[in-house]
Amino acid sequence: MNNMINNQPKTESLILVPIYNEQKHIFNVLREIRKYSPENLLVINDGSTDESKDIVEEIASCAKLKGKVIIINHLKNEGYGKSLIDGINFARDNDYQYLLTLDCDEQHEPELIPQFFEEIKKGEFEIISGSRYLSFQKQIDAPPEDRYTINRKITGLINEITGYGLTDSFCGFKVYRMEGLKKLELTEKGYGLPLQLWIQAYKNNLTVKELPVSMIYKDKDRTFGNYLDDPKKRLAYYQKIIDSEVKKCLIY
400 MNNMINNQPK TESLILVPIY NEQKHIFNVL REIRKYSPEN LLVINDGSTD
450 ESKDIVEEIA SCAKLKGKVI IINHLKNEGY GKSLIDGINF ARDNDYQYLL
500 TLDCDEQHEP ELIPQFFEEI KKGEFEIISG SRYLSFQKQI DAPPEDRYTI
550 NRKITGLINE ITGYGLTDSF CGFKVYRMEG LKKLELTEKG YGLPLQLWIQ
600 AYKNNLTVKE LPVSMIYKDK DRTFGNYLDD PKKRLAYYQK IIDSEVKKCL
650 IY
């Protein structure tokens with residue numbers, strides 16, 4: 400079950416920020432988002448056990464933000480993918496035209512939000528996706544070795560299937576045209592949701608463009624908090640999602 404706080408005035412675009420135990424980062428992230436964008440903001444708190452929920456609700460209650468910050472609270476931790484799915488469903492049900500997603504660990508730079516919206520509103524692509532590996536991106540930090548290696552392998556597999564020519568299949572900084580996103584039937588509740596998304600996007604003939612984003616890792620010791628901390632198990636999990644989705648979509 401979810402609890403929702405929603406007194407939104409309508410805008411054509413929605414910004415989705417999924418959070419789980421982000422009390423160290425949430426204030427700075429939401430402040431920077433508001434600095435660069437007036438769009439409605441949807442925060443999905445995925446059962447945080449720290450002070451994240453209280454911080455978000457306090458921010459949302461500020462007079463300047465009243466009605467501009469929508470909060471959905473999962474009563475328990477349901478997974479990163481489930482937060483994204485709930486955000487997509489909210490955007491669909493409330494007739495938003497565009498949905499932008501970014502993470503709340505300060506890896507993504509809100510100053511790029513206007514550029515992402517500008518690109519998607521040209522109407523040439525259904526998905527604009529950030530990439531930390533485009534040759535002209537700003538590398539502030541080096542990625543953890545296992546994450547880099549797995550990203551390379553999985554991105555290569557996605558490209559073999561879709562022909563998208565992606566350089567970063569896992570970046571959470573994206574903006575979508577809801578008209579295209581409505582065609583997808585996303586069900587993966589975990590961190591592998593982006594892989595399901597890419598394959599379904601290809602199956603539904605959605606067009607994609609990458610934009611460079613900086614390589615930033617504020618907390619290199621951050622973990623997944625479960626069996627995915629084992630790189631071999633994480634890679635196997637991602638490959639299983641890809642194999643399952645390919646069979647379901649009858650691509651091969």
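Read in this note's numbering, the sequence shown has 448 at position 49, and its numbers run on one by one without any break. Yeah, the Cβ is synthetic: ideal placement off N, Cα and C, and Gly gets one too.
When DSSP states are grouped into helix, strand and coil, Y497 belongs to the strand group.
Residue state for P543 is assigned as coil, using DSSP reduced to three classes. The C-beta of T500 has 16 or more other C-beta atoms within 10 Å across all chains shown, which makes the residue buried. If you draw a straight line from the Cα of V428 to the Cα of C503, it comes to about 6 Å.
Between D485 and S530, the gap from beta carbon to beta carbon reaches 7 Å or more. Judged by DSSP secondary structure, K423 falls outside any beta strand (DSSP E); it is assigned neither H nor E. Listed as beta-bridge partners of E609 by DSSP are S528. At the C-beta level, L440 and I414 come within 7 Å of one another. Burial check for A635: the Cβ neighbour count within 10 Å stays below 16, so the residue is exposed. In this structure, H473 places its C-beta atom within 7 Å of the C-beta atom of D445.
Here the alpha carbon of K631 sits roughly 15 Å from the alpha carbon of P543. Pairwise C-beta distances place the region 560-579 in contact with the region 514-526, as three or more of them are shorter than 8 Å.
Here the C-alpha atom of N476 lies approximately 29 Å from the C-alpha atom of T410. Under a 10 Å Cβ-count criterion, L605 is classified as buried, with 16 or more other Cβ atoms of the shown protein chains found around its own Cβ.
A buried status is given to K481, since no fewer than 16 other beta-carbon atoms sit within 10 Å of its beta-carbon. DSSP lists no beta-bridge partner residue for I487. C461 sits exposed, since fewer than 16 C-beta atoms from the chains shown fall within 10 Å of its C-beta. The residues I553, L556, I557, I560, L594 and I598, in chain order, have a CB closer than 8 Å to that of I641 in the same chain once the five nearest residues on each side in sequence are set aside. Fully contained in the region 549-598 are the following beta strand (DSSP E) runs of length 3 or more, in chain order: 573-576.
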